[in-house]
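Residue numbers (full-length UniProt numbering): 1 to 1135.
What follows is a short report on a single structure.
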């Protein structure tokens, strides 16, 4: 850069007056200005034409090559400067220099020239020119005005002038007048100068204002406005740093230097309103720079500076409360941003430390430690879950896992014998099938796994062929294949023993069985083999025909989902519990690749799937959303590459999707149906969502989909038939059936028939149904109801040929007498109720008389079922109670010919057991307004005067009886007020009443003498009451969690205690001659000596048991949870 360009740069910054710039240009044009840029800057600096800040900035820009063209200059200034340049001096003209004129620059200042002093000694006030000296600082040896006239020759004697006499007096007069004139012209109060500076300050010309304030301060140090001028001078410097700058660090430094110099000034109050804007602005700028910083070190440095700025903001000296309130929202926003910055710093530091540890663990082959490091980091900073560097580090570690997949040997041999063949118990399964179509030996068989039991159904007729309890696991539906000949084989997972069973699909006979160490996932069937994975990370390949192990491997991680595969790809994909998916060869299970997906523990639960070499992985990353991971693979199943970014979608995918050609149909737990399409020609986005339905459930549900003939069937809480119009991006609902029912398995479509399994919300059990598919409707073919539990114990009626048992749906079956090991399926009830609107749901039954058994309706309904035997013919009917459907306090109780219904509103209603007529007025105790009563279950008292005892589960006992006068009504014949409340059920044996209360904050057995209900000494027990008092055979039995079963004699003494080994009682005790039978929910049945309480023998049914234990004709029947009765022959065991 030359001198001319440098002068242009000075002019562009407006650092010097126009006439001074023009003077320099004239001297440059005439060759009189022969200086370097550095010499010119030093000269102007010494002459106070430039400040230090301006000098440094000009030199910096000159060295950086910045020219004046990059700095805008007004047109008015340009014309004024040109006028000065074009003006030619006149030789004869007497030129008088003004104080601000720039004259010859060939003479440098003398050493004795006084330098300009910074008025406040603030280095941060650069940019303000000092006031020039009154005399011209650039004129050499200046003695006065230069004259261009030729001097006259003086006289020899100066006193010879004729004007001497008058000249002396005139001179004195002129001097006096000149002095007065000079004093008058030179006098200035400083007000105009201060107001000029104020005007510049208010207009935003802070550089000019600073120079004017500086000049004013030095010229009028004692002026009343000088303190304010000093404050304004400092604030002008701050505004100059803040406005239009991005150098917030320098702005902060200037602020820290300026404020201590002016905050003690009496005029500092004038600065505070402006500081309310300046200080947050600096803090905000530094915080923003911290947010935008790339490295941790730079971010930390900017954060520290922002914190220092916030210290100024929070200092009440600069920002008092009155001004802070107006800036509160902005200050809080800055503080929140700064908190985020600090968290980002902590996050980045933690990430860098974790990456270093991951690298070390990877080198040591410790992937589990790698995962723990990543998990700990992601738990603290969830945003790092998708961090590329973290993903790359974990992916690098995952590639080392290929060598950690270890082949296994010493394979276990399959078991070909069925342990259930040795079962000596008989079994009766109650099923309701309509219509009773004849069996078809050629029919296909479908196996449904419902509540832990596998049921084989003949598709053509709905006939139940066999059932087998295999343990609870709703995600392990049976898989089938064809064996030699026409035999169909079903593979079932038995969760009780972690075994895989291959059974004949029509007979249920076990063909082979393999036992494993840990829980199994649903197998994958190949042409001649079956692939099954264990939770513990083992993968097995078994021969389909024999169950023999062909190959096995141990993965270095546990497994979280069934194995998956793509039809056109020779690879098996096994999902680890977290992070990775292992690609195994279907031939020998050798691991070819580990795909680093990065999922969390247990978030992938459905098998990997896909089409056209596009692998789909659904990760349930949150409670209300899931991720779809997409990878492309080669023909061998390896070479996985991320196809596109992870897709986030609402809901969780809990059911395996369905593949149809190039499309994948998935359902989520919000009721949505998602249809994805694969287009391999689209390189950037080969997978896209082409259609979706709206979520229609606020509660999680399972949706099972199947595609047939262009129709999409989805079964969740209804069956919906859709027409896929993918060209329009939609699936159109065509038909809805079974609305409100819950479907529990994927439907089967065979030709024009659809077979499905569902559960009603208002009744027990499951309905398996086949329907004919019509254009706009479904026609029923058959319906089979299975899994319906029994309504209490079996019972006998007068003249009935055999004991009877009823289901909760109102079907009554005869209970056959079977030999040991015999199995029978009863699918045609002896009597049933015709369903008109919705299925029935009855509770326990109680004997009315020798010919009638009554079953109670659920709470909120008032229709009971009565089973009657008349001349050996069994019939069922519904009896409507002539009372409102009032909320009950406890279960109803049959008493003589009445049914007692305790209600929460305090009344105990009475209806006729056979007719439902309410001819007896209810019992109504005194109640306070809004009071409710939680009645205990009524206990029947024998004797000459029939009565019942109830407790309000508070401090009152009532003995009730029916009195006929003045009209039939239920009334209290005795009432006792207790000192301690009773809770729970009551039982009567002889003249002893037993209830449950508390003593010393523990459960206790309370005893009362009838009929006066006088309380006796309670029985202290250990543990909580787990079975309330029950009256059996003249004794009362109850059970506690620690004492076990307790027998209480009618003389208020304990007969014995029998420990229960922490098992839960399902039913009983039931008298069996001189023994007591008890069933447990876990499947055990005990026989206990009635006299001593000793365990005589026990049986294990092998599956859960429900309420219901019956003994008839030497056979003990234990009721299963699904309507199956397990018969135990006691012939020879009971005297």
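Just so you know, even glycine gets a beta-carbon here, dropped at the ideal spot from N, CA and C.
None of these values were measured; they are calculated from a predicted model.
Rounded C-alpha distance that separates residue i from residue j
{"i": "residue 480", "j": "residue 777", "result": "30 Å"}
{"i": "residue 703", "j": "residue 668", "result": "7 Å"}
{"i": "residue 715", "j": "residue 510", "result": "31 Å"}
{"i": "residue 586", "j": "residue 593", "result": "13 Å"}
{"i": "residue 1081", "j": "residue 788", "result": "17 Å"}
{"i": "residue 1132", "j": "residue 1115", "result": "11 Å"}
{"i": "residue 894", "j": "residue 875", "result": "20 Å"}
{"i": "residue 626", "j": "residue 981", "result": "52 Å"}
{"i": "residue 693", "j": "residue 766", "result": "28 Å"}
{"i": "residue 1124", "j": "residue 1030", "result": "25 Å"}
{"i": "residue 242", "j": "residue 299", "result": "21 Å"}
Reduced DSSP secondary structure (H/G/I, E/B, other) of residue i
{"i": "residue 66", "result": "coil"}
{"i": "residue 512", "result": "strand"}
{"i": "residue 914", "result": "coil"}
{"i": "residue 218", "result": "helix"}
{"i": "residue 592", "result": "strand"}
{"i": "residue 401", "result": "helix"}
{"i": "residue 799", "result": "coil"}
{"i": "residue 150", "result": "No answer about residue 150 holds up, because its pLDDT of 45 lies below 50 and its placement is not dependable."}
{"i": "residue 902", "result": "strand"}
{"i": "residue 74", "result": "Annotation note: pLDDT 49 at residue 74 (below 50); position unreliable, coordinate value reported separately. Coil at residue 74, not helix or strand."}
{"i": "residue 1110", "result": "strand"}
{"i": "residue 489", "result": "strand"}
{"i": "residue 1017", "result": "coil"}
{"i": "residue 870", "result": "strand"}
{"i": "residue 240", "result": "helix"}
{"i": "residue 660", "result": "strand"}
{"i": "residue 724", "result": "strand"}
Per-residue burial, residue i [other beta carbons within 10 Å of its own, 16 or more giving buried]
{"i": "residue 254", "result": "buried"}
{"i": "residue 529", "result": "buried"}
{"i": "residue 5", "result": "exposed"}
{"i": "residue 406", "result": "exposed"}
{"i": "residue 756", "result": "buried"}
{"i": "residue 772", "result": "exposed"}
{"i": "residue 76", "result": "Note that residue 76 has pLDDT 45, beneath the 50 cutoff, so the model's placement of it is unreliable and the number below is only indicative. By the 10 Å Cβ count, residue 76 comes out exposed."}
{"i": "residue 302", "result": "buried"}
{"i": "residue 958", "result": "buried"}
{"i": "residue 769", "result": "buried"}
{"i": "residue 1204", "result": "Since the first residue of the chain shown is 1 and the last is 1135, residue 1204 is not available in this structure."}
{"i": "residue 63", "result": "exposed"}
{"i": "residue 85", "result": "With a pLDDT of only 44 at residue 85, under 50, the local geometry of the prediction cannot be trusted, and no value is derived from it."}
Nearest candidate by alpha-carbon position, reference residue i, set the options
{"i": "residue 1058", "options": "1120, 1038, 798, 782", "result": "1038"}
{"i": "residue 1035", "options": "1076, 353, 197, 1020", "result": "1076"}
{"i": "residue 311", "options": "293, 268, 345, 252", "result": "252"}
{"i": "residue 531", "options": "932, 550, 513", "result": "550"}
{"i": "residue 569", "options": "633, 595, 555", "result": "633"}
{"i": "residue 864", "options": "846, 351, 674", "result": "846"}
{"i": "residue 595", "options": "882, 584, 964", "result": "584"}
{"i": "residue 291", "options": "239, 348, 189", "result": "348"}
{"i": "residue 966", "options": "266, 1015, 921", "result": "921"}
{"i": "residue 504", "options": "484, 65, 522", "result": "484"}
{"i": "residue 297", "options": "859, 342, 309", "result": "342"}
Closer than 7 Å: residue i CB and nearest the ligand SAM heavy atom
{"i": "residue 1035", "result": "Absence of the ligand SAM from the depicted structure is noted, as is the absence of any ligand whatsoever, leaving it without description."}
#### Entry: the segment 653-661 in contact with the segment 687-696 per 3-pair CB rule at 8 Å
no
### Message
Counting beta carbon pairs with one atom in the segment 807-819 and one in the segment 827-841, are three or more of them shorter than 8 Å?
### Response
yes
### Query
Per the contact definition of three or more C-beta pairs closer than 8 Å, is the segment 335-348 in contact with the segment 365-373?
no
### Message
Does the contact criterion of 3 or more C-beta pairs under 8 Å hold for the segment 599-611 versus the segment 428-443?
### Response
no
### Task
Take every Cβ of the segment 435-455, pair it with every Cβ of the segment 732-741, and state whether three or more of those distances are shorter than 8 Å.
no
### Query
Does the segment 988-998 touch the segment 1039-1050, meaning 3 or more C-beta pairs lie closer than 8 Å?
yes
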